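Reading through the structure tokens given below for one structure.
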Amino acid sequence: MPNKILVVDADSASRGFIVQKLLGQNNEVIEAGSGKEGLILAWRDRPELIIADPTMTDLRGEDFAKKLKNDARTAQVPLIALSSDSNPERIKACLKMGFNEYITKSGQAVPLLMSTIQRLLELDENAMKQGGKLIVFLSAKGGTGTSSLCANLALNLADVEPSARVAVADFVLPIGSIAPIVGYDGSVNIVHVADQLHRIVSAQSSLNQLPEMRDWKFNLLAGSPDPEMSNLLKVEHMWDIVTSLKQAYDYVLIDIGRSLSKITLPLIQHADLVTLLISTDTSTLSLTKILLDYLKNKGVQEDSIYTILNRAAGLEGLSKAEAQSKLGITINATIPYLNTNLAFANSQHQPFTSKFPHDTAGVIFREIAKDMVGKREKLAVT
Numbered sequence: 112m113p114n115k116i117l118v119v120d121a122d123s124a125s126r127g128f129i130v131q132k133l134l135g136q137n138n139e140v141i142e143a144g145s146g147k148e149g150l151i152l153a154w155r156d157r158p159e160l161i162i163a164d165p166t167m168t169d170l171r172g173e174d175f176a177k178k179l180k181n182d183a184r185t186a187q188v189p190l191i192a193l194s195s196d197s198n199p200e201r202i203k204a205c206l207k208m209g210f211n212e213y214i215t216k217s218g219q220a221v222p223l224l225m226s227t228i229q230r231l232l233e234l235d236e237n238a239m240k241q242g243g244k245l246i247v248f249l250s251a252k253g254g255t256g257t258s259s260l261c262a263n264l265a266l267n268l269a270d271v272e273p274s275a276r277v278a279v280a281d282f283v284l285p286i287g288s289i290a291p292i293v294g295y296d297g298s299v300n301i302v303h304v305a306d307q308l309h310r311i312v313s314a315q316s317s318l319n320q321l322p323e324m325r326d327w328k329f330n331l332l333a334g335s336p337d338p339e340m341s342n343l344l345k346v347e348h349m350w351d352i353v354t355s356l357k358q359a360y361d362y363v364l365i366d367i368g369r370s371l372s373k374i375t376l377p378l379i380q381h382a383d384l385v386t387l388l389i390s391t392d393t394s395t396l397s398l399t400k401i402l403l404d405y406l407k408n409k410g411v412q413e414d415s416i417y418t419i420l421n422r423a424a425g426l427e428g429l430s431k432a433e434a435q436s437k438l439g440i441t442i443n444a445t446i447p448y449l450n451t452n453l454a455f456a457n458s459q460h461q462p463f464t465s466k467f468p469h470d471t472a473g474v475i476f477r478e479i480a481k482d483m484v485g486k487r488e489k490l491a492v493t
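Quick note on numbering: the sequence shown equals residues 112 to 493 in this note's numbering.
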């Protein structure tokens, strides 16, 4: 059944362009050229989603949103701002008054808009809890070993739960980082799969039978192999990929690196567990504090964040206790300084525990995997 979407924009050319794009996606579209007309249509026709340019001629966009959110008929209707006004203060004001998302008109606006519509209309909390468990790996700054630990902890998770199907998806842009670690050079990657999703059966089959990394005990959806190809990524299909992966696998680990964006933020918000990699240098800790405050403001619960301290750069920096005090959170696990061993294992495309079976860090990897599973199960109960 088509979704009913209201488009409110005083610019008839811009409005017509968006309307045609929405009709091309088999939506039912109604349109208005002013804020007051938009309110009338919203309350009369009850759209399932509203797209509005807040630079209205007859109403302030903020007031438009407030009126919609204060009326029982439209209080729960998702509201997207699509505007050429990129002023940060305007964006902040619109989001505060009730817009769910604010998208600036640009060359990437349409695919981002389509992805946002899909997420707001189709991916509620219950939908995202169906299927396998979603674990997102991220960091506030590069160089913390996020991709290396994602791959190695996926292997240890598979060891902890040998009957589980485990998939790793590389959402790091513009260049994926998991494939070089595990030694995969095939053609199946996120850009390829997103492009094939219009052929539903073929795409779902591909996701159910992702390339198997035998030494690593998981299936891999590789990232974009180069920046040029990443520009071809159909971001509107990202959520189809995530939901299909969750249907096919018991655990889906997604590496987003430090690529925090409108695409990856919803992944964090809907994840069963968010694995945050940090290091003890002051610059990384400062950025991590900013990231944690941002996630808190976006509704991400502290209990859903699993923090790993990785001394990737050496023994210098603050102590664990000092890092915890600065961040205001408990650090769940600590990876000791591995010197060049982890980098060497990566260069050989081998798991750390296979390359260095007698290193005590291997035991720590396994214990972290067990602890992550335990925390995820505890969160599921509560």
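Cβ atoms here follow ideal geometry from the backbone N, Cα and C, with glycine treated the same way.
Keep in mind that this is a model prediction, so the values were computed, not measured.
query                                                                                                                                                   : result
Mind listing, in chain order, the continuous beta strand (DSSP E) runs of no fewer than 3 residues lying wholly within the segment 120-178?             : 139-143 and 160-163
Check whether the segment 407-420 and the segment 280-291 are in contact - that is, three or more C-beta pairs closer than 8 Å.                         : no
For a test of the three-state rule: what should DSSP assign to Asn-90, helix, strand or coil?                                                           : Any answer about residue 90 is impossible in this case: the structure gives the chain only from 112 up to 493.
Would you list the one or two residues that DSSP bridges to Ser-250?                                                                                    : Leu-388
Could you tell me the boundaries of the beta strand (DSSP E) in which Ile-292 lies?                                                                     : No beta strand (DSSP E) contains Ile-292, which is instead part of the alpha helix (DSSP H) from 289-293.
Can we say the segment 338-351 touches the segment 319-330, given the rule of at least three CB pairs closer than 8 Å?                                  : no
Kindly indicate the opening and closing residues of the beta strand (DSSP E) around Asn-181.                                                            : Run containing Asn-181: none; DSSP gives neither H nor E here.
Only counting the same chain, and skipping five residues up and downstream in sequence, which positions put a Cβ closer than 8 Å to that of Ile-116?    : Leu-133, Asn-138, Glu-139, Val-140, Ile-141, Pro-158, Glu-159, Leu-160, Ile-161, Ile-162 and Ile-228
Looking at C-beta atoms only, is the number of pairs between the segment 451-468 and the segment 393-407 that lie closer than 8 Å three or more?        : no
Looking only at its own chain, which residues have a Cβ that is under 8 Å from the Cβ of Thr-166, when we skip the five neighbours before and after it? : Ala-121, Gly-172, Ser-194, Ser-195 and Asp-196
How many angstroms separate the CA atom of Thr-391 from the CA atom of Glu-478?                                                                         : 21 Å
Taking the alpha helix (DSSP H) that Glu-433 belongs to, which residues open and close that run?                                                        : 431-438
Where does Leu-356 fall in DSSP's three states?                                                                                                         : helix
For Ala-262 versus Val-279, is the C-beta distance shorter than 8 Å?                                                                                    : yes
Would you mind reading off the limits of the alpha helix (DSSP H) that contains Leu-266?                                                                : 257-271
State the Cα-Cα distance for the pair Val-130 and Tyr-213, rounded to the nearest angstrom.                                                             : 18 Å
Should Val-312 be labelled buried (16 or more other beta-carbon atoms within 10 Å of its own) or exposed?                                               : At Val-312 the pLDDT is 47, less than 50, meaning the model places this residue with poor confidence and gives no usable figure here.
Judging by CA-CA distance, which residue of Lys-216, Ala-176 and Gln-187 is the nearest neighbour of Lys-207?                                           : Ala-176
CA-CA distance, Leu-403 and Leu-376?                                                                                                                    : 12 Å
Alpha helix (DSSP H) containing Asn-450: first to last residue?                                                                                         : Careful: Asn-450 lies outside any alpha helix (DSSP H) and carries neither H nor E.
May I have the straight-line CA-CA distance separating Pro-100 from Leu-224, to the nearest angstrom?                                                   : The displayed coordinates of the chain run from 112 to 493. Any statement about residue 100 would go beyond what the structure contains.
Just to check my reading of the structure: Val-247 and Val-484 have Cβ atoms closer than 8 Å, yes? What is that Cβ distance to the nearest angstrom?    : Their Cβ separation, rounded to whole angstroms, is 15 Å, which puts Val-247 and Val-484 out of contact at 8 Å.
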